[in-house]
Amino acid sequence: MSILDRFSVAGTVAIVTGAGRGLGASTAVSLAEAGADVLISARTAEQLEVVAEQVRATGRRCVVVPADLSDLDAVAGLAQTAYDELGRLDTVVNNVGGTFPKEFLQTSPRFLNEAFSFNVATAHALTRAAVPLMLKDDDGRQKSVVTISSMMGRTADRGFVAYGTAKAALAHWTKMAAQDLAPRIRVNGIYVGSILTSALEFVAGQPELMGQLEDKTPLGRVGEPEDIAAGVLYLASKAGQYVTGKLIEIDGGIQQPTLDLGFPDVSP
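All you need for the working numbering is the position in the sequence shown, starting with 1, plus 14.
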């Protein structure tokens, strides 16, 4: 097997959540280009169909499941659908997540719980449903789960107490799940930095803010979705077959938050 062969995922089946745009869309297409059939899910059917066309253009199959992935039953159900429609299940990419920044005193316990559920419980629900189906195929292949965390899960800044806490919990969930599921299933994650997706559309239109992001990033630029997709492919393929319980930092080298949102000091 050549070194490039190790990055092939031919003959496998992957689930990618939050795949209507951005990181999820790029990851789904990249896995298809490397040989995987893919089930993609997100809230908006129209966005998913655009991604599905790109997946099918590679010659791979694509199953589209529009769903509200904050519904834990809906996200768990993706596992059985992938197995029934595509015949097996090898990789789960827990990409769905995110939470709006808020001032501390505006962050209610309910908002914190919702952030935890959307970023952590969704990953657990899908992975828990997927594991028995992944283990059905006794062909000796390792299976892989990849979670998408954030650099805010390993650093700290104002306004991110819900988001950062949830992403930190997701990162630790990744390490814990890796212990529970070894050796048949590897579980790894990615600490994602500033990536030019729709989440940064406002920033991209503000030269001063973009300059701030770039200046605080050692590599001098924001990332592209394909930067993250390449990391997912590594972790999902035989190239990463000796890696589990790890979080890879794909963030341009940042060691501190890159965007000051201007939240004020608390006051009486």
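Ideal Cβ placement from N, Cα and C applies to all residues, glycine included.
Fewer than three beta-carbon pairs drawn from the stretch 63–73 and the stretch 109–119 are found closer than 8 Å, and the two stretches are therefore not classed as touching. Pairing LEU100 with VAL77 gives a Cβ-Cβ distance under 8 Å. Assignment of alpha helix (DSSP H) within the stretch 72–115, counting only whole runs of 4 or more residues, yields 86–100 in chain order. Secondary structure note for LYS157: its beta strand (DSSP E) is the uninterrupted segment 157–164. Straight-line measurement puts the Cα of GLY225 at about 35 Å from the Cα of VAL257. By the Cβ neighbour-count rule, ARG200 is buried, with 16 or more other Cβ atoms within 10 Å of its own. Straight-line spacing of the CA atoms in VAL110 and ALA139 works out to 12 Å.
With respect to the C-alpha of ASN108, the residue from GLY49, ALA48, SER158, ARG172 having the closest C-alpha is SER158. THR31 is not a Cβ neighbour of ALA50, given a cutoff of 8 Å. Just so you know, the alpha carbons of THR211 and VAL64 end up roughly 16 Å apart. Around ALA180, the same chain offers THR113, ALA129, PHE130, ASN133, VAL134 as residues with beta carbons nearer than 7 Å, after the five sequence neighbours per side are excluded.
Contact between GLY167 and ASN202 does not hold, since their C-beta atoms are separated by about 14 Å, which reaches or exceeds 8 Å. Look at THR41 here: in three-state DSSP terms it is helix. With contacts defined by Cβ atoms closer than 8 Å, GLY38 and ALA59 do not form a contacting pair. One Cα belongs to PRO278, the other to VAL175, and the distance between them is close to 14 Å. Rounded to whole angstroms, the Cβ separation of ALA46 and VAL69 is 4 Å, and the two are in contact under 8 Å. Assignment of ARG20 by DSSP, reduced to helix, strand and coil, places it in the helix class. Beta-carbon to beta-carbon, LEU92 and THR136 are separated by about 10 Å, too far to satisfy the 8 Å threshold. A Cβ-Cβ distance of about 4 Å is found for the pair ALA88 and ALA81, placing them in contact under the 8 Å criterion. Following the DSSP letters along the chain, one finds ASN202 inside the beta strand (DSSP E) bounded by residues 199–206. Note on MET148: 16 or more other CB atoms within 10 angstroms of its CB, so buried under the neighbour-count rule. In this structure, the alpha-carbon of LYS150 lies about 19 Å from that of ALA192.
For ALA144 and GLN156, the gap between their C-alpha atoms comes out near 14 Å.
With contacts defined as CB atoms closer than 8 Å, LEU62 and GLY34 qualify as a contacting pair.
Its chain contains no residue whose beta carbon lies nearer than 6 Å to that of PRO146 once the 5 sequence neighbours on both sides are disregarded. SER208 is positioned such that its CB atom lies closer than 8 Å to that of VAL236.
Taking C-beta separations shorter than 7 Å and ignoring five residues to either side along the sequence, the partners of ALA196 in its chain run THR258, following chain order.
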